[in-house]
Every structure is written in C-alpha cells, then in structure tokens.
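In our numbering, the protein residues as written are 1196 to 1320.
Each residue gets a CB set at the ideal place from its N, CA and C atoms; glycine is no exception.
Values in this document were obtained by computation on a predicted structure and should not be read as measured data.
The next block holds one structure in the form of structure tokens; read it before the comments.
Right, dumping it as structure tokens:
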C-alpha cells in the first residue's frame, strides 16, 4: 500500500477566495489587453502619419483627435469600468480570524525566555 500523495487534482479542494481573486485578475488582465489592442494600433494609424500638417490636425476638446480617441477615451472607459468593477463586482471574502496578536505574544515570550536564559548562563560562571 502506497502512502505517497496522488497527483489527482480533482480531489483537491480549492479555496473560494483563490477562485474569486483568480477570476477578478483575469478580468482585469482582459481589460488591459483590450485597452492595449485599441490604443496602440489607433494611435499608430492616426497619429504617426507621414506628412501630417500641424495646421490641419483635427482636435477634440482642444486635444488632437488621435490623442483623445487613442489615449484619453480608453483611459476614461477603463477608469469607469474599474470603479464599477471595484464597487459592484468584486466580492469581499472572509479571510478568517487574524492571529497576529497571539503570534506576537508568543514571539515576545520566546525573546524574554532567551534573554533570561542568557542572563542566567552569565551569572553561573
């Protein structure tokens, strides 16, 4: 009979907090990729034209149109999406009870015990 752990991933129970954070990370990465795939080609095709005359550049709200639609607009969309995502979509998961104070108390007690041992060891000689 073998006591080695099996590689059966189906029997592993995954923490729901991990699953939520993984899903949220994929959504954020997807938004980043969409913004990248919009901004870079749009700015390249509309902003880096050869022979562009500064007198004939179209503007939107005082900004060159290619900058507004290629950078400012996707940035605003990403900001609005991020606010919605953080306020309404992300789940607040229970992470359990923090035992930091107990750990700290144990560490302090161990430090005092070591200091007492060192002092007692120095007195004996």
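Asked, Found
"Taking a contact to mean a Cβ-Cβ separation below 8 Å, would you say residue 1233 touches residue 1269 in this structure?", "yes"
"Work out the CA separation of residue 1225 and residue 1217 for me, nearest whole Å.", "12 Å"
"How should residue 1261 be labelled, buried or exposed, when 16 other C-beta atoms within 10 angstroms of its C-beta is the threshold for buried?", "buried"
"Please report how far the alpha carbon of residue 1281 lies from the alpha carbon of residue 1316, in whole angstroms.", "57 Å"
"Apart from the five residues just before and just after residue 1290, which ones in its own chain have a Cβ nearer than 8 Å to its Cβ?", "1212"
"When you compare each of 1247, 1277 and 1208 to residue 1227 by their alpha carbons, which one comes out closest?", "1277"
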